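Asks: Numbering (our numbering), first residue to last: 563 to 851. Have a look at this one before I ask anything.
As structure tokens, then:
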């Protein structure tokens with residue numbers, strides 16, 4: 563038994579919006595067509611996937627949702643891969659996480675490249691689906707481990723080893739730990755953090771330590787993050803090249819051994835970005851902003 567991807571896409575849209583009429587408007591269908599799609603899907607699966615009032619996934623629908631997003635993404639990735647095989651390649655359009663473009667790495671990019679800054683999962687998904695020609699993502703990892711990325715399909719990953727940096731804790735200059743030469747994550751178990759996944763190393767990378775959050779920053783403005791740190795609103799994890807900013811102290815993480823790593827992701831091993839990185843040495847700038 564196979565599930566028609568058009569029906570699956572309609573189901574995901576209705577479940578996301580909680581409305582048949584809103585889903586119809588977004589998808590460009592009539593409401594009756596959306597209702598028919600769901601009825602056919604439920605007949606195919608032999609069970610209801612949506613309760614009607616209010617509109618919400620049933621238990622079976624919740625299970626289907628867990629599979630639907632990666633299925634639809636893989637289909638989009640396959641379609642983009644076929645398109646790339648038969649059509650001229652567009653100009654380089656890179657998806658990048660806010661901290662991935664360390665200064666030495668930025669110097670490698672061609673002058674006419676187009677960049678879009680986005681969270682890590684969005685960059686990887688965008689590369690898989692063909693929205694970006696390639697991506698640059700960053701995060702914490704053990705010295706010999708790759709970054710932990712969600713599986714959005716078969717992608718080629720290239721660790722930009724020369725861009726690896728020491729991980730530092732950014733804190734206010736008058737913080738009790740500001741004068742330390744190094745810190746273990748265990749030393750920070752009771753600390754308050756600024757949750758800023760777009761502007762700092764995501765707190766979800768702080769395995770296995772749960773983080774106590776005092777302030778949340780949405781977006782990728784690193785300068786705003788540093789101003790919050792300097793004002794004592796909480797700690798943040800950053801790569802070493804951002805150390806030395808006025809009003810902010812930075813102490814290296816010494817235990818466990820972690821590095822700030824940048825990886826390039828692409829759908830082809832011969833992608834122009836990967837070729838550039840293989841040919842050139844990336845030396846990060848160790849200065850301030």
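Beta carbons: idealized from backbone N, C-alpha and C, even for Gly. As the structure is a computational prediction, the values presented were derived from the model and not from experiment.
Indicate whether residue 755 and residue 765 have their beta-carbon atoms separated by less than 8 Å.
Replies: Taking 8 Å as the Cβ cut-off, residue 755 and residue 765 qualify as a contacting pair.
Asks: Indicate the three-state DSSP secondary structure (helix, strand or coil) for residue 666 in the structure shown.
Replies: helix
Asks: Residue 721 by DSSP, collapsed to three states: which one?
Replies: Collapsing the DSSP output to three states places residue 721 in a strand.
Asks: Quick one: Cα of residue 798 to Cα of residue 656, how far?
Replies: Answer to the nearest angstrom: the Cα atoms are 26 Å apart.
Asks: Spatial neighbours of residue 694 within its chain, please: CB distance less than 8 Å, with the 5 preceding and 5 following residues excluded, ordered by chain position.
Replies: Sequence-distant Cβ neighbours of residue 694 in its own chain, meaning closer than 8 Å and more than five residues away, are 655, 656, 657, 678, 685, 688.
Asks: Count the other CB atoms, across all protein chains shown, that sit within 10 Å of the CB of residue 848; report buried if there are 16 or more and exposed otherwise.
Replies: With a pLDDT of only 39 at residue 848, under 50, the local geometry of the prediction cannot be trusted, and the value read off the model is given with reservation. Result: exposed.
Asks: Within 10 angstroms of its Cβ, does residue 743 collect 16 or more other Cβ (buried), or is it exposed?
Replies: exposed
Asks: Taking 8 Å as the threshold, find out whether the stretch 824-840 comes into contact with the stretch 704-724 through three or more Cβ pairs.
Replies: yes
Asks: Considering only their Cβ atoms, is the gap separating residue 819 from residue 704 smaller than 8 Å?
Replies: yes
Asks: Using the three-state DSSP reduction, which class does residue 573 fall into: helix, strand or coil?
Replies: helix
Asks: Please determine, among 660, 629, 832, the residue with the shortest C-alpha to C-alpha distance to residue 781.
Replies: 660
Asks: Helix, strand or coil, according to DSSP, for residue 579 in the structure here?
Replies: DSSP places residue 579 in helix when its eight states are reduced to three.
Asks: Select from 665, 591, 580, 680 the residue whose C-alpha is nearest the C-alpha of residue 726.
Replies: 665
Asks: In chain order, what residues of the same chain have a beta carbon less than 7 Å from the beta carbon of residue 583, not counting five sequence neighbours either side?
Replies: 593
Asks: To the nearest angstrom, how far is it from the Cα of residue 638 to the Cα of residue 681?
Replies: 19 Å
Asks: What's the C-alpha gap between residue 752 and residue 601?
Replies: 52 Å
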